[in-house]
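Heads up, the sequence shown is in the numbering used here, so the first residue is 6 and it goes up one at a time.
What follows is a set of notes on a single structure, which appears directly below.
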Amino acid sequence: MVKSTPRVTGFVGTGQQPTPLSEEEVQHIVYKVADSREKPKLKVKFEKNESVRITEGPFASFTGLVDEVNEDRETVKVMVTIFGRSTPVELEFNQVEKVA
């Protein structure tokens with residue numbers, strides 16, 4: 006059944022015997038799963054074209070508009086005006102705050 010599933014055969018290997026994962030690959034997967042469970046999710050929701058202030062990093066105290074929200078990675082792309090030009094800056098949710 007696995008061999009006949011599209012786009013799976015390359016992952017499990019070719020031929021009669023599947024290719025086993027190395028111990029290092031297994032540990033990497035287990036670490037990623039455990040790490041994502043432990044990381045607390047922020048409850049803040051950002052929306053496109055919302056005005057935000059950057060609170061951390063080299064652009065701290067700059068304000069800009071949210072251009073893109075990636076909830077899986079907990080990042081926002083903020084358009085900040087630098088030297089008269091609108092520049093995209095990717096930041097984590099905890100590096101920005103909503104402007105009232």
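Beta carbons are placed, not taken as given, at the ideal position from N, Cα and C, and that holds for glycine.
Since we're looking at a predicted model, the values are computed, not measured.
| said: List, from N- to C-terminal side, the beta strand (DSSP E) runs of 3 residues or more that fit wholly inside the stretch 50 to 75. | reply: 56 to 59, 68 to 75
| When Glu30, Glu28, Pro11, Glu102 are compared against Leu70, the one with the closest alpha-carbon | Glu102
| message | Just to confirm before moving on: does the CB-CB distance between Phe98 and Val57 stay below 8 Å? | response | no
| said: Less than 8 Å between CB atoms is the rule here; does Ser9 satisfy it with respect to chain B? | reply: Reference to chain B is not applicable here, since this structure consists of a single protein chain.
| field | Alpha carbon of Pro93 to alpha carbon of Val85, nearest angstrom | value | 6 Å
| query | Near Glu95, which residues of its chain fall below 6 Å by C-beta distance, leaving aside the five closest residues on each side in sequence? | reply | Thr80, Lys82
| said: Tell me the rounded alpha-carbon separation between Ser27 and Tyr36. | reply: 14 Å
| Counting along the chain, where does the beta strand (DSSP E) carrying Lys82 start and finish? | 80 to 87
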